[in-house]
Amino acid sequence: MTDYFPYENLRPNQRDFIELVSKAVENGENVIIEAPTGFGKTVSVLAGVLPHAKEMGYKVLYLARTHRQMDRVIEELKAISRKSPVSGVELRSRKDLCLHTYLTQFTSDAYTAMVVCKNLKKMGKCEFYENEKKKKAEFDELVRFFLGEPSHPAEILDYSQTLELCPYDLTKRIAEKADVIVASYLYLLSPTIRENFISSLDLDYSDLIVVFDEAHNLPDQAISALSDKISINTINRAIKEADEYNEHEIANFLSILGRGLEILFQEKLAGRDVQETAIQPELVFSHVVDVLGLDTRWLVKTLNDMVAVGDSIREDRIEKGKPPRSYIGRVGEFLLLWLSLIGREDYLFLLSRDRGLSLELVALDPSKALGFIKDVQSAIFMSGTLTPLEAFRDVMGVENARLKKFPRMVKRENAQVLVAKDVSTRGDERSLQVYRKMVDYIVEAARIIPKNVGVFAASYEVLQGLLSANLQVRLEETGKAVFIEKQGVSSAENDLMVAQFKAHARGNGAVLLGVMGGRNSEGQDYSGDEMNGVVLVGIPYARPTPRVQARIRYFERKFPEKGRYYGYYLPAHRKLVQAAGRVHRSAEEKGSIVVLDYRLLWRGIKKDLPDWMVETVRPVDLGRMRLYLKRFWAT
C-alpha cells in the first residue's frame with residue numbers, strides 16, 4: 001500500500017478503503033463504495049489496485065465522466081510516479097487528439113470521427129499517419145518517453161505537433177503498454193466503441209481492472225450510450241443524397257418509408273398535446289412493406305445496401321474535401337438497429353416531436369451496458385452518493401460485489417440544512433405566487449450567505465418560473481453578480497462562465513443559477529468561498545413522459561415492489577444530494593444548504609439522504625431561515 005500512496009499522511013478511513021480495494025482485486029471480486037467528498041477516493045483506489053495490477057500484469061482502466069475528472073487522475077498518477085514507477089495515459093476523442101484540419105473541422109461526434117480517421121488513413125490523406133512510418137524511430141522514442149511518466153493529453157499533443165506525428169495513434173501506442181488508461185465512460189458503455197477499443201489494444205476483458213469514478217452517473221450514461229434517435233429531416237436529406245448519387249432504388253425506398261412515417265405521425269401525434277408516444281416498432285416499416293411487397297429478408301438486404309453505399313459516399317466526400325457525412329448510411333444503420341431490437345422488452349420505441357419529428361430507440365435497462373463486467377478481473381464503482389448501495393448493485397447488475405459505505409467527513413458544526421415548510425415544486429402547486437415566495441427565500445439566502453451561492457432548480461422549467469418571478473433582477477440588487485447556466489452551450493463556454501463565477505469569491509460574491517443533475521451541480525468542484533451555500537429548488541423528479549413510465553414498468557417487472565423506487569424516486573434523490581454536496585469539499589469547509597420543498601421532510605425521502613444532511617435538517621419559514629443563517633455565519 002505505502003509504495004503507491006504518495007502522501008505522508010493518510011486521511012481518516014483511507015487505509016480501510018485501500019485494503020478493501022486491494023483484497024477485492026486480489027480475489028477477483030467487484031466492490032461498490034460510497035465515500036464522501038474530500039475523502040481522497042482517486043488516490044486511494046489507485047493505491048489499492050496498483051500493487052496487484054503491477055505484480056500480475058493487469059491493466060487498470062480508470063473511467064470518469066468529464067475531462068476535469070480525468071485530468072485529476074493523471075495528477076495523482078504523477079504524484080505516485082515520483083515515489084514508485086507507474087505509467088499512465090489519458091485517452092481523449094480523436095477530435096481532441098487530431099492535428100488533421102479536415103477531421104477537426106468536419107466531425108462532431110466520436111463515431112463520425114472514427115469513420116473519417118479510418119478513411120483518411122486508407123486513402124493516404126493523413127500526413128501525420130504517414131509520418132509514423134517515415135519517422136518510426138522518433139515515434140518509438142516518444143512512446144518510451146511518455147511511458148516514463150504519466151502525461152496529460154496537452155503534453156502529448158505538443159510533442160506530436162512538433163514532430164508532425166498523429167497524437168491519437170501515439171496515445172494509443174502508449175496505452176498499449178501503460179499501467180493505467182484514463183478514459184471516458186463511453187469507451188466501455190458504448191458497444192461499438194468498446195469492441196473497437198478492446199481489440200485495438202489487443203486486450204482480453206480478463207486483463208482488466210476497471211474503476212468507475214462518480215458512479216452515480218452510470219445509470220443515465222449507460223441509457224444514453226444504448227439509445228439512439230433519428231429525425232424525419234435526416235430521412236428527407238437521405239432521399240436528396242440518393243438522388244444526387246443516382247441511387248434510385250434507395251431514393252424510392254426512402255420516399256415510401258418517409259411517406260409511411262408521415263402517415264404514422266398524423267395518426268399518433270397530430271392534434272394531441274403530447275411530445276412523444278410509444279408505438280409498435282413494426283409500424284415503421286408497414287407502409288414500405290405494403291407498397292413494395294418486401295419481406296424481412298429483403299428489408300434487411302436493402303438496409304445493408306444503404307450502409308455500404310453510405311461508406312462509399314463518405315469516401316467520395318473526403319476525396320472532394322467535403323464534410324464526411326452520409327445520410328443514407330446513417331438511416332440504414334439506425335433502421336437496422338431498430339429492426340434488430342423488435343421484441344426486446346428492455347427497449348421503448350418512440351415517435352417524438354423533439355426538434356422536429358423523430359424516431360427514438362430508448363434503452364430501459366442500464367445493466368445491459370455492463371454485461372462485460374462478469375469477465376474482468378475486478379470492477380470498482382465509487383461515488384459520494386450511491387446510497388442505498390444495494391439499489392445501485394441491483395440496477396446496474398453488478399454481481400459478486402462487496403458493498404461499503406464510509407462515514408461522513410463533514411463536521412456537524414460546519415453543516416446546515418434548512419428545509420422550507422411552506423413551498424414545493426409539486427406540479428399542482430406551481431404558480432407565479434409560489435415562485436415569488438421562493439424568490440424571497442433565494443434572495444434572503446444570497447444576501448446573508450457570504451460570497452458565492454449556487455441556486456439549482458429541479459428543472460429548466462422551474463428555473464424559468466423563478467426568472468419569470470423577477471429572480472435575476474432581485475438578486476442583482478443584493479450587489480452580487482448573477483450567472484445563468486444555459487442549455488446547449490459548449491463545455492468551453494460553460495467552463496469560462498463558471499471560472500468567472502468562482503473569481504467573484506475574491507470580491508463581493510456571486511450567484512450561479514442552474515439545474516440539479518446538470519454539469520455545474522455535479523461535474524464542478526468549488527472550494528472555499530467559491531460555494532458557501534446552495535439553494536435547491538424542488539426535488540428533480542422526472543416528468544411522467546412515456547419513456548419515464550416505460551422505465552418504471554420495466555423496473556417493476558424486474559424488481560417487484562421496488563420498481564418505482566429504483567426507476568423514479570431514487571435517481572432524483574441522488575441528483576439532489578449531489579447538488580447539496582457542492583458546498584463541502586473538505587471537512588473544514590462551512591456550508592449552508594437551503595431546500596425549497598417541504599417533501600424533503602418526509603421519511604421516505606430523508607432515508608436516501610446522507611447522515612450529515614439528516615442530522616442537521618431543520619424545517620423553516622422565511623423568518624426562521626433568516627435567523628438560522630445569520631447565526632450560522634456569525635460564528
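In the UniProt record's numbering, the protein residues as written are 1 to 635.
Where a beta carbon is used, it is the ideal one built from N, C-alpha and C, also for glycine.
How far does the alpha helix (DSSP H) with VAL473 in it reach, from first residue to last?
To locate residue 473, count along the sequence shown from 1; it is residue 473. Its alpha helix (DSSP H) spans residues 471 to 476.
Local conformation of ASP109 per DSSP, three classes:
Along the sequence shown, read from residue 1 onward, the residue named residue 109 stands at position 109. ASP109 falls in the coil class under three-state DSSP.
From VAL307, SER352, ILE449, TYR185, pick the residue whose C-alpha is nearest to that of PRO366; which is it?
Residue numbering aside, residue 366 sits at position 366 when the sequence shown is read from its first letter. Looking at the Cα atoms, TYR185 is the closest of the given residues.
Among residues of its own chain, excluding the 5 on either side of ASN131, which ones have a beta-carbon nearer than 6 Å to its beta-carbon?
Position 131 of the sequence shown, counting from 1, holds the residue named residue 131. Hits under 6 Å: GLU164, LEU165.
In the DSSP output, what is ARG402 paired with across the bridge?
Working through the sequence shown from its first residue, we reach residue 402 at position 402. DSSP lists VAL31 as partners of ARG402.
Secondary structure at ILE328, three-state DSSP: helix, strand or coil?
Translated into positions along the sequence shown, residue 328 becomes position 328. Here ILE328 carries a helix assignment [DSSP, helix/strand/coil].
Note down the Cα distance separating LYS83 from ALA64, rounded to an integer number of angstroms.
In the sequence shown, the residue the question calls residue 83 occupies position 83. In the sequence shown, the residue the question calls residue 64 occupies position 64. In a straight line, the C-alpha of LYS83 is about 25 Å away from that of ALA64.
Quick check on the DSSP output: the alpha helix (DSSP H) that includes PRO571 runs from which residue to which?
As a working note, residue 571 is residue 571 in the sequence shown. Its alpha helix (DSSP H) spans residues 570 to 580.
Where do the N-terminal and C-terminal ends of the beta strand (DSSP E) with SER206 fall, by residue?
Residue 206 sits at position 206 when you count from the first residue of the sequence shown. Looking at the DSSP string, SER206 is not in any beta strand (DSSP E), and its letter there is neither H nor E.
Alpha-carbon to alpha-carbon, LEU364 and ASP290
The residue given as residue 290 occupies position 290 in the sequence shown. The residue given as residue 364 occupies position 364 in the sequence shown. Going from the Cα of ASP290 to the Cα of LEU364 covers about 31 Å.
Report the residue from TYR598, GLU589, LEU389 whose alpha carbon sits nearest the alpha carbon of THR425.
One-based indexing of the sequence shown puts residue 425 at position 425. Cα-wise, what sits closest to THR425 is TYR598.
Rounded straight-line distance, which links the Cα of GLY356 to that of PHE392:
Stepping through the sequence shown from its first residue, residue 392 is reached at position 392. Stepping through the sequence shown from its first residue, residue 356 is reached at position 356. Computed Cα separation, rounded: 35 Å.
How do the segment 532 to 540 and the segment 449 to 462 stand: do at least 3 beta-carbon pairs fall below 8 Å, yes or no?
yes
Alpha carbons only, please: which of VAL86, VAL31, ASN13 is nearest the one belonging to PRO6?
By one-based count along the sequence shown, residue 6 stands at place 6. Per the Cα distances, VAL86.
Just curious, the alpha helix (DSSP H) that PHE501 is in, first and last residue?
Along the sequence shown, read from residue 1 onward, the residue named residue 501 stands at position 501. Element bounds for PHE501: 491 to 503.
With a CB to CB cut of under 7 Å and the five nearest residues on each side skipped, what residues in its chain are close to LEU226?
Here the question's residue 226 lines up with position 226 in the sequence shown. Closer than 7 Å at Cβ, skipping near neighbours: ALA363, LYS368, ALA369.
Taking just the CA atoms, how far does TYR347 sit from LEU341?
Counting from 1 along the sequence shown, the entry for residue 341 is found at position 341. Counting from 1 along the sequence shown, the entry for residue 347 is found at position 347. Answer to the nearest angstrom: the Cα atoms are 7 Å apart.
Could you check where the alpha helix (DSSP H) with PRO219 kicks off and where it finishes?
Along the sequence shown, one-based indexing puts residue 219 at 219. Element bounds for PRO219: 218 to 226.
Could you spell out where the alpha helix (DSSP H) holding PHE483 opens and where it closes?
On the sequence shown, position 483 is the one that residue 483 refers to. Boundaries around PHE483 are those of the beta strand (DSSP E), 481 to 484, since no alpha helix (DSSP H) includes it.
Identity of the residue in VAL180, SER383, TYR565, ALA445 nearest TYR628 by Cα
Taking the first residue of the sequence shown as 1, we reach residue 628 at position 628. Here the closest residue by C-alpha is ALA445.
Would DSSP call GLY591 helix, strand or coil?
Stepping through the sequence shown from its first residue, residue 591 is reached at position 591. Reduced to three states, the DSSP call for GLY591 is strand.
So if DSSP puts PHE456 in a beta bridge, which residue, or which two residues, is it bridged to?
Translated into the one-based positions of the sequence shown, residue 456 becomes position 456. DSSP lists GLY514, LEU536 as partners of PHE456.
Around the C-beta of LEU432, are 16 or more other C-beta atoms found within 10 angstroms, so that it is buried, or is it exposed?
Taking the first residue of the sequence shown as 1, we reach residue 432 at position 432. Its Cβ having fewer than 16 others within 10 Å, LEU432 is exposed.
Residues of its chain near ALA481, where Cβ-Cβ distance is below 7 Å and the 5 sequence neighbours each way are ignored:
Against the sequence shown, residue 481 aligns to sequence position 481. Within the same chain, ALA481 has close Cβ partners HIS504, ALA510.
Is HIS216 buried or exposed, if buried means 16 or more other CB atoms sit within 10 Å of its CB?
For the purposes of this step, residue 216 is taken as the residue at position 216 of the sequence shown. Buried: at least 16 other Cβ atoms inside 10 Å.
Backbone secondary structure at ARG408 - three-state DSSP
Your numbering for residue 408 matches position 408 in the sequence shown. ARG408 falls in the coil class under three-state DSSP.
Where LEU63 falls: helix, strand or coil (DSSP)
Taking the sequence shown and counting its residues from 1, the one referred to as residue 63 is at position 63. It is a strand residue.
Looking at the unbroken alpha helix (DSSP H) that takes in GLY260, where does it start and where does it end?
Within the sequence shown, the letter at position 260 stands for residue 260. Looking at the DSSP string, the run of the alpha helix (DSSP H) that includes GLY260 is 248 to 268.
Are the CB atoms of VAL439 and ASN470 nearer to each other than 8 Å?
Looking up residue 439 in the sequence shown gives position 439. Looking up residue 470 in the sequence shown gives position 470. With respect to the 8 Å criterion, VAL439 and ASN470 are classified as neighbours on the basis of their beta carbons.
Applying the criterion that 16 or more other CB atoms from any shown protein chain within 10 Å of the CB defines a buried residue, is residue 636 buried or exposed?
Because the chain here runs from 1 to 635, residue 636 falls outside it and cannot be looked at.
Mark GLU333 as exposed unless 16 or more other C-beta atoms lie within 10 angstroms of its C-beta, in which case mark it buried.
Here residue 333 is taken as the residue at index 333 of the sequence shown, counted from 1. Buried: at least 16 other Cβ atoms inside 10 Å.
For a minimum of 3 consecutive residues, which ranges assigned as the beta strand (DSSP E) are wholly contained in the segment 332 to 419?
347 to 352, 358 to 363, 378 to 383, 401 to 405
Could you tell me the distance, in whole angstroms, from the CA atom of GLU176 to the CA atom of SER151?
The sequence position of residue 176 within the sequence shown is 176, counting from 1. The sequence position of residue 151 within the sequence shown is 151, counting from 1. Spanning the two alpha carbons is a distance of roughly 15 Å.
Where do the ends of the beta strand (DSSP E) carrying ALA278 lie?
One-based indexing of the sequence shown puts residue 278 at position 278. Residues 276 to 278.
PHE483 and PHE456 - do their beta-carbons sit closer together than 8 Å?
Within the sequence shown, residue 456 is the residue found at index 456, counting from 1. Within the sequence shown, residue 483 is the residue found at index 483, counting from 1. Not a contact, by the Cβ cut-off of 8 Å.
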